[in-house]
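Single-structure report; data block below.
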Amino acid sequence: MGDLKRTGLHDLHEKLGAKMVPFAGYSMPVQYPMGVMKEHLHTRAAAGLFDVSHMGQVILRGEDVAGALEALIPQNVAELGVGRQRYGFFTNETGGILDDLMFANRGDHIFMVINAACKEADLAHMRAKLEGVEIEEITDRALIALQGPKAEAVLAGLNPAAADMRFMDVATMDLNGAECWISRSGYTGEDGYEVSVPETQAVALAEALLANDSVEPIGLGARDSLRLEAGLCLYGNDIDETTSPIEGGLTWAIQKRRREEGGFPGADRIQRELADGPARKRVGLKPQGRAPMREGVPLFASEDGADQIGLITSGGFGPTVEGPVAMGYVIADNAETGTEIWGELRGKRQLLTVTALPFTPANFKR
Amino acid sequence: MKFTEEHEWLLPDGDVVTVGITDHASEQLGDIVFVELPEVGTEVSKDDEAVVIESVKAASDILAPLDGEIIKVNEALADNPALVNEDPQGDGWFFKIKASDLSPMDDYMDAAAYKAMIE
Numbered sequence: 437m438g439d440l441k442r443t444g445l446h447d448l449h450e451k452l453g454a455k456m457v458p459f460a461g462y463s464m465p466v467q468y469p470m471g472v473m474k475e476h477l478h479t480r481a482a483a484g485l486f487d488v489s490h491m492g493q494v495i496l497r498g499e500d501v502a503g504a505l506e507a508l509i510p511q512n513v514a515e516l517g518v519g520r521q522r523y524g525f526f527t528n529e530t531g532g533i534l535d536d537l538m539f540a541n542r543g544d545h546i547f548m549v550i551n552a553a554c555k556e557a558d559l560a561h562m563r564a565k566l567e568g569v570e571i572e573e574i575t576d577r578a579l580i581a582l583q584g585p586k587a588e589a590v591l592a593g594l595n596p597a598a599a600d601m602r603f604m605d606v607a608t609m610d611l612n613g614a615e616c617w618i619s620r621s622g623y624t625g626e627d628g629y630e631v632s633v634p635e636t637q638a639v640a641l642a643e644a645l646l647a648n649d650s651v652e653p654i655g656l657g658a659r660d661s662l663r664l665e666a667g668l669c670l671y672g673n674d675i676d677e678t679t680s681p682i683e684g685g686l687t688w689a690i691q692k693r694r695r696e697e698g699g700f701p702g703a704d705r706i707q708r709e710l711a712d713g714p715a716r717k718r719v720g721l722k723p724q725g726r727a728p729m730r731e732g733v734p735l736f737a738s739e740d741g742a743d744q745i746g747l748i749t750s751g752g753f754g755p756t757v758e759g760p761v762a763m764g765y766v767i768a769d770n771a772e773t774g775t776e777i778w779g780e781l782r783g784k785r786q787l788l789t790v791t792a793l794p795f796t797p798a799n800f801k802r
Numbered sequence: 120m121k122f123t124e125e126h127e128w129l130l131p132d133g134d135v136v137t138v139g140i141t142d143h144a145s146e147q148l149g150d151i152v153f154v155e156l157p158e159v160g161t162e163v164s165k166d167d168e169a170v171v172i173e174s175v176k177a178a179s180d181i182l183a184p185l186d187g188e189i190i191k192v193n194e195a196l197a198d199n200p201a202l203v204n205e206d207p208q209g210d211g212w213f214f215k216i217k218a219s220d221l222s223p224m225d226d227y228m229d230a231a232a233y234k235a236m237i238e
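One line per chain: the protein sequences are A and B, in this order. Take the position in the first sequence, starting the count at 1, then add 436; the result is the number in our numbering. Take the position in the second sequence, starting the count at 1, then add 119; the result is the number in our numbering.
Okay, structure coming up:
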């Protein structure tokens with residue numbers, strides 16, 4: 437794994453006994469000795485610590501940075517309050533999604549977190565399209581997520597002000613002697629925080645968090661099953677350059693003014709789908725049997741017809757659900773909750789039920 | 120007990136051979152959540168796909184190590200696939216095959232050779 441990049445926590449992962457795998461050009465922990473199942477359940481019961489330093493951290497500065505960014509994403513940037521964060525995505529000219537992201541108004545700048553696999557393309561896209569905006573990639577800070585019902589108590593132990601934050605608030609705070617940029621958010625469906633910390637102080641902060649009995653280190657394996665149960669999209673699987681945000685069930689993330697005004701790449705298709713409904717929709721899918729159905733499983737309207745109606749884009753076993761869970765795209769006629777459809781697994785068709793997302797209720801601190 | 124390069128163990132009793140996966144394989148696969156077993160009475164050839172194991176991470180195929188007929192499967196795995204993690208070389212067995220040709224057994228490894236392979 438010599439060509440792989442390492443995060444600032446790499447040596448700590450090895451010390452903790454992680455199994456390291458290549459992911460988006462980085463050597464990342466897929467699991468620790470606890471194993472994926474227990475790591476998942478621990479995060480939902482107490483608190484899990486995730487290294488997400490492979491993700492891109494970017495600062496955008498400029499006189500009209502909000503206006504410039506609104507030309508690339510269909511979110512309302514201009515009216516996002518200071519100290520608040522939003523979920524968003526870059527769209528392309530055909531209304532597909534180039535990447536999904538988080539952006540925060542930190543007063544004199546916007547702080548953005550982008551996917552590891554997309555970060556070079558995102559930076560090039562912004563540098564080409566954002567006129568009058570200074571774009572700074574932050575490469576000297578690690579990113580740590582602390583997720584789960586005990587996350588608030590754990591972080592408040594290092595700085596009581598952490599408890600005062602609401603879901604999607606951002607703040608600058610001292611944690612363990614380090615100046616941290618914190619958001620109350622995450623990607624597990626649980627309450628929690630994402631913490632940007634200077635890389636030189638990241639190991640000490642991670643160790644301080646792990647010293648709390650509530651906290652265990654959690655790998656990418658459980659991160660994937662947690663976000664799947666939470667109904668959250670994995671870029672490249674559940675959304676990509678061909679899927680529109682309306683098909684992807686992300687209409688909620690496009691604020692009213694932007695829906696009406698347009699003015700972002702692909703607005704033609706996105707506004708048309710808002711008015712007429714999309715041809716296909718991302719839905720939750722619950723296999724009725726015990727066998728997991730994973731990405732790539734084709735979906736059919738009947739047990740024996742050649743009538744393919746969709747495809748699974750993410751699937752696996754949900755430890756909290758205690759059974760298989762999946763999501764994927766189906767044509768709109770088959771997208772209603774409760775519809776029974778068939779997935780072809782190893783040559784045999786097996787029933788799935790279209791199910792409302794998330795599979796596990798979100799536990800955010802609104 | 121004999122071992123294959125595919126990390127299966129084989130325990131012969133006359134011409135009936137019990138098949139499972141090794142402690143090492145179970146550890147590598149991680150938490151097992153589903154096991155698809157063959158139907159009793161199925162005739163299999165060596166290297167046919169006989170069992171599918173789903174862990175939280177991925178699906179893996181287990182190949183028939185011998186030619187023969189599946190005469191018994193471990194029904195307990197349907198309700199409790201975690202048996203493969205808890206006791207892979209005992210209660211977590213997959214199936215019993217009535218071998219029509221036992222000669223491949225001679226080529227499979229003994230415990231010492233298997234241990235050397237995984238180290």
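Think of the CB as a built atom: it goes at the ideal place given N, C-alpha and C, for glycine as much as any other residue. The structure presented is a predicted model; accordingly, all values stated were derived computationally and were not measured.
Which of helix, strand or coil does DSSP assign to A237 (chain B)? Residue numbering aside, residue 237 (chain B) sits at position 118 when the second sequence is read from its first letter. It should be pointed out that residue 237 (chain B) corresponds to Ile in this sequence rather than to Ala. Helix, per DSSP.
Can you give, in chain order, each stretch of the alpha helix (DSSP H) that sits fully within the stretch 630-709 of chain A and has at least 4 residues? 635-646, 656-665, 692-697
Is P465 (chain A) close to chain B? Criterion is C-beta to C-beta, closer than 8 angstroms. The count along the first sequence starts at 1 and reaches residue 465 (chain A) at position 29. False, the Cβ-Cβ gap to chain B never drops below 8 angstroms.
Coil, strand or helix - T123 (chain B) by DSSP: Counting from one through the second sequence, the residue named residue 123 (chain B) turns up at place 4. Coil at T123 (chain B), not helix or strand.
So, with DSSP's three-state summary, where would you put G471 (chain A)? Position 35 of the first sequence, counting from 1, holds the residue named residue 471 (chain A). Coil, per DSSP.
Just the chain B side, please: which residues come within less than 7 angstroms of G752 (chain A) by C-beta, in chain order? Numbered from 1 along the first sequence, position 316 holds the residue referred to as residue 752 (chain A). Annotation: Cβ neighbours of G752 (chain A) in chain B (cutoff 7 angstroms, chain order): V175.
Going by alpha carbons, who is nearest to P465 (chain A) out of A:A481, A:G444, A:R480, A:A483? Reading the first sequence from its first residue, position 29 is the one you call residue 465 (chain A). When only C-alpha atoms are compared, the closest one is A:G444.
Between T479 (chain A) and chain B, is there a C-beta pair that is closer than 8 angstroms? Within the first sequence, numbered from 1, the residue matching residue 479 (chain A) stands at position 43. T479 (chain A) does not count as touching chain B.
Neighbour list for E238 (chain B) in chain A, Cβ cutoff strictly below 7 angstroms: Indexing the second sequence from 1 puts residue 238 (chain B) at position 119. Contacts between E238 (chain B) and chain A, judged by CB atoms closer than 7 angstroms, are missing: the closest CB pair is about 17 angstroms apart.
Starting from G720 (chain A), trace the beta strand (DSSP E) both ways and give me its first and last residue. Translated into positions along the first sequence, residue 720 (chain A) becomes position 284. Here the beta strand (DSSP E) through G720 (chain A) covers 716-723.
Looking only at C-alpha atoms, which of A:F753, A:R705, A:P681, A:N541 sits nearest to E515 (chain A)? Here residue 515 (chain A) corresponds to residue number 79 of the first sequence, with the count starting at 1. Comparing Cα positions, the closest option is A:N541.
For the alpha helix (DSSP H) containing L445 (chain A), list its first residue and its last residue. Taking the first sequence and counting its residues from 1, one reaches residue 445 (chain A) at position 9. Looking at the DSSP string, L445 (chain A) is not in any alpha helix (DSSP H), and its letter there is neither H nor E.
Looking at chain A, is there any beta carbon in it that lies within less than 8 angstroms of the beta carbon of F153 (chain B)? Position 34 of the second sequence, counting from 1, holds the residue named residue 153 (chain B). With 8 angstroms as the cut-off, F153 (chain B) counts as an interface residue toward chain A.
Please tell me whether P469 (chain A) has its Cβ less than 8 angstroms away from any Cβ of chain B. The residue you call residue 469 (chain A) lines up with position 33 of the first sequence. No, because no Cβ of chain B sits closer than 8 angstroms to the Cβ of P469 (chain A).
Proximity of E643 (chain A) and S680 (chain A) at Cβ, strictly below 8 angstroms: Start at 1 with the first residue of the first sequence, and residue 643 (chain A) comes out as number 207. Start at 1 with the first residue of the first sequence, and residue 680 (chain A) comes out as number 244. Result no, Cβ atoms of E643 (chain A) and S680 (chain A) do not sit closer than 8 angstroms.
Would you check if the distance between the CB atom of V138 (chain B) and the CB atom of I190 (chain B) is smaller than 8 angstroms? Working through the second sequence from its first residue, we reach residue 138 (chain B) at position 19. Working through the second sequence from its first residue, we reach residue 190 (chain B) at position 71. The answer is no: Cβ separation not under 8 angstroms.
Spatial neighbours of D712 (chain A) within its chain, please: CB distance less than 8 angstroms, with the 5 preceding and 5 following residues excluded, ordered by chain position. Counting from 1 along the first sequence, the entry for residue 712 (chain A) is found at position 276. No residues qualify anywhere along the chain.
Beta-carbon neighbours of G211 (chain B), restricted to chain A and to distances below 9 angstroms: Translated into the one-based positions of the second sequence, residue 211 (chain B) becomes position 92. Under the 9 angstroms cutoff, chain A gives no residues; its nearest Cβ is about 16 angstroms from G211 (chain B).
Could you please give the first and the last residue of the uninterrupted beta strand (DSSP E) stretch that includes G619 (chain A)? Taking the first sequence and counting its residues from 1, one reaches residue 619 (chain A) at position 183. First, the residue type needs correcting, since residue 619 (chain A) is Ser and not Gly in the sequence shown. Looking at the DSSP string, the run of the beta strand (DSSP E) that includes S619 (chain A) is 614-619.
Quick one: which chain B residues come within Cβ less than 7 angstroms of A835 (chain A)? Look at the range of chain A in this structure, 437 to 802, and you will see that residue 835 (chain A) is not part of it.
Quick check on the burial criterion: 16 or more other C-beta atoms within 10 angstroms. Buried or exposed for K176 (chain B)? Position 57 of the second sequence, counting from 1, holds the residue named residue 176 (chain B). K176 (chain B) should be labelled buried.
Is it the case that the Cβ atoms of F153 (chain B) and Y227 (chain B) are separated by a distance below 8 angstroms? As a working mapping, residue 153 (chain B) is identified with position 34 in the second sequence. As a working mapping, residue 227 (chain B) is identified with position 108 in the second sequence. The answer is no: Cβ separation not under 8 angstroms.
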